[in-house]
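Asks:
As structure tokens, this is what we get:
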């Protein structure tokens, strides 16, 4: 079994601190052509201005949100926790190189999550796929969430990348600290950006998205 990317960057505080000598072995863990694209995405990464480490969330809430995204805990508490974690992750990416600069409504996200019901016992990556496809099609994100989306075609790509990165992050194995979780989210964004064309294709169906989340999160 190949070493996860996170292990190759274990000593890096944030991706902005990663040197070329650190990026090279991490990139080598991936097959081509993903290797070259991931390396380029990492080189372009800028340090986030708003860090999860300083947000009012903790490891337990992130773990609970990940369980909700797998369809294992769908009670009201799980809905609110998952919504808050998704929003904090969105705001974190909004301060990095994801240039969508659009707002997200925690209230609308929570409302959409509360409507989700496993279809025939669907859990795991399939449920996560249905969750993020629903958010993508909702009015939770936009210039004025709930009122006007106002997203151009180019901006739609950045919105999709951010949503996909959050989905991959929540689908991956949990880290041990908030600092590592933050880095894991940044790694997810770099990996999704490297797989931009594949990510766009994955959003075309629940089955394709579930497979993408399974395969991509395994690299982390």
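Numbering (my numbering), first residue to last: 33 to 252.
Every residue, glycine too, gets a C-beta built ideally from N, C-alpha and C.
No experiment lies behind these values; they were computed from the predicted model shown.
By how many angstroms is the C-alpha of residue 205 removed from the C-alpha of residue 215?
Replies: Near 13 Å, if we compare the C-alpha coordinates of residue 205 and residue 215.
Asks: Please name the residue, chosen from 93, 105 and 103, that lies closest to residue 113 on a Cα-to-Cα basis.
Replies: When only C-alpha atoms are compared, the closest one is 93.
Asks: Which residue from 242, 210, 250 and 189 puts its Cα closest to that of residue 117?
Replies: For the residues 242, 210, 250 and 189, the minimum Cα distance to residue 117 belongs to 210.
Asks: Between the region 242 to 250 and the region 147 to 166, are three or more C-beta pairs nearer than 8 Å?
Replies: They touch, by the three-pair rule.
Asks: Can you tell me whether residue 140 is helix, strand or coil according to DSSP?
Replies: Helix.
Asks: Using DSSP with H/G/I as helix, E/B as strand and the rest coil, what is residue 118?
Replies: Correct three-state label for residue 118: helix.
Asks: Closest to residue 202 by CA distance: which of 107, 184, 119 and 109 is it?
Replies: When each option's Cα is compared against that of residue 202, the closest is 119.
Asks: Check whether the Cβ atoms of residue 146 and residue 178 sit closer than 7 Å, and answer yes or no.
Replies: Result no, Cβ atoms of residue 146 and residue 178 do not sit closer than 7 Å.
Asks: Spatial neighbours of residue 142 within its chain, please: C-beta separation below 7 Å, excluding the five flanking residues on both sides.
Replies: If we look at residue 142 and ignore the five residues flanking it on each side, its Cβ neighbours are 111, 112 and 115.
Asks: Whose C-beta lies closer than 7 Å to the C-beta of residue 161 among residues of the same chain, with five residues either side of it excluded?
Replies: Excluding positions up to five away in sequence, the list reads 238, 241, 242 and 245.
Asks: Between residue 226 and residue 234, what straight-line distance do the alpha-carbon atoms span, to the nearest angstrom?
Replies: Answer to the nearest angstrom: the Cα atoms are 14 Å apart.
Asks: In angstroms, rounded to a whole number, what distance separates the CA positions of residue 109 and residue 149?
Replies: Rounded to whole angstroms, residue 109 to residue 149 spans 15 Å at the Cα level.
Asks: Could you spell out the range, first to last residue, of the alpha helix (DSSP H) harbouring residue 223?
Replies: Unbroken alpha helix (DSSP H) run through residue 223: 210 to 226.
Asks: Please state if the CB of residue 219 and the CB of residue 195 are separated by a distance shorter than 7 Å.
Replies: Not a contact, by the Cβ cut-off of 7 Å.
Asks: Among 95, 169, 107 and 208, which one has its Cα closest to the Cα of residue 188?
Replies: For the residues 95, 169, 107 and 208, the minimum Cα distance to residue 188 belongs to 169.
Asks: Which class does residue 178 belong to by DSSP, given the choice of helix, strand or coil?
Replies: In the structure shown, residue 178 sits in coil (DSSP, three-state: anything other than H, G, I, E or B).
Asks: DSSP on residue 94, reduced to helix/strand/coil?
Replies: Helix at residue 94.
Asks: Given this structure, state the Cα-to-Cα distance separating residue 102 from residue 135, to the nearest angstrom.
Replies: Roughly 25 Å between the two C-alpha positions.
Asks: Go to residue 156, then tell me how far its alpha helix (DSSP H) extends in each direction, as first and last residue.
Replies: Its alpha helix (DSSP H) spans residues 156 to 169.
Asks: When DSSP builds the beta bridges, which residues end up paired with residue 173?
Replies: Paired residue(s): 136.
Asks: From the DSSP output, in three-state form, read off residue 237 for me.
Replies: Coil at residue 237, not helix or strand.
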